Amino acid sequence: MSQTVEQLSGFEKQYSLQTAEITSKIGRVHTLPSSERAGAVQEIRKSLEEVNDLLDQMELVVRELESNTTERTKYELRVRSYQSDKKQLDSELEKAIRRVREEADRDELLAFDDQLDADRQEDQLIANTQRLERSTRRVQDAHRIAVETEQIGTEMLSNLASQRETIGRSRDRLRQSNADLGRANKTLGSMIRRAIQNRLLLLIVSFLLAFMFLYIVYKAI
């Protein structure tokens with residue numbers, strides 16, 4: 001079993017436990033004392049939000065599976081089924097709330113609605129705070145990435161400048177080597193010419209000595 005599939009299996013177990021608990025709580029709402037019903041409803045709503053977040057995580061993890069595979073298709077269908085079940089739970093909660101309102105007298109209904117509004121405002125404040133924290137983290141992450149990117153760019157420019165200097169020095173050394181090689185070739189050519197000249201001179205001297213020797217022998221006869 002791959003790590004991704006193992007993670008999805010864990011999410012599925014968590015989803016099953018949470019939805020079973022939510023279903024049980026929805027069924028008990030109308031049996032609770034009037035003073036506890038609003039708190040129970042808000043607790044169920046929070047649990048449904050957690051389930052929604054869990055399904056979002058599952059959806060992201062499913063995308064990590066290889067495309068066009070049986071495994072991915074299977075989990076995509078499961079997630080869609082879980083999302084449909086979650087909508088059904090939302091509907092069941094609204095039905096339970098309507099039932100509570102229908103059974104409550106005027107004073108109980110006003111107290112229930114007031115408590116729901118207060119809890120909803122508190123939840124909204126918490127949600128806004130969490131969104132602000134997430135936005136702040138994203139801004140911080142973006143700033144950190146920008147700084148890291150700038151540092152990498154600076155290092156790359158520094159490396160390029162260093163490489164440019166190295167190439168320039170290598171080019172200068174190559175030019176110097178070519179100049180030295182040219183001078184060496186000239187020196188070698190000069191030495192070869194001198195050697196040829198010396199050999200020719202030696203041949204001429206040898207020829208003259210031989211001629212003089214033959215001339216002396218001829219005169220002696």
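Each residue of the sequence shown is one higher than the one before, starting from 1 at the first, in the UniProt record's numbering.
Yeah, the Cβ is synthetic: ideal placement off N, Cα and C, and Gly gets one too.
Given the structure is predicted, the values throughout are model-derived calculations rather than measurements.
Burial state of Met212 is exposed, judged by a 10 Å Cβ sphere holding fewer than 16 other Cβ atoms. If you draw a 10 Å sphere on the C-beta of Leu202, you find fewer than 16 other C-beta atoms in it, and that means exposed. With contacts defined as CB atoms closer than 7 Å, Leu65 and Glu71 qualify as a contacting pair.
In this structure, the straight-line span from the alpha carbon of Arg37 to that of Ile97 is close to 9 Å. Proximity of the segment 81-92 to the segment 42-54 meets the contact definition, three or more beta-carbon pairs being nearer than 8 Å. When DSSP states are grouped into helix, strand and coil, Thr69 belongs to the coil group.
If you draw a straight line from the Cα of Phe207 to the Cα of Ile192, it comes to about 22 Å. For Ser16, the uninterrupted alpha helix (DSSP H) run begins and ends at Gln3 to Arg28, by DSSP. With contacts defined as CB atoms closer than 7 Å, Leu77 and Ile26 fail to qualify as a contacting pair. Per DSSP, Glu36 is one residue of the alpha helix (DSSP H) stretching across Ser34 to Val62.
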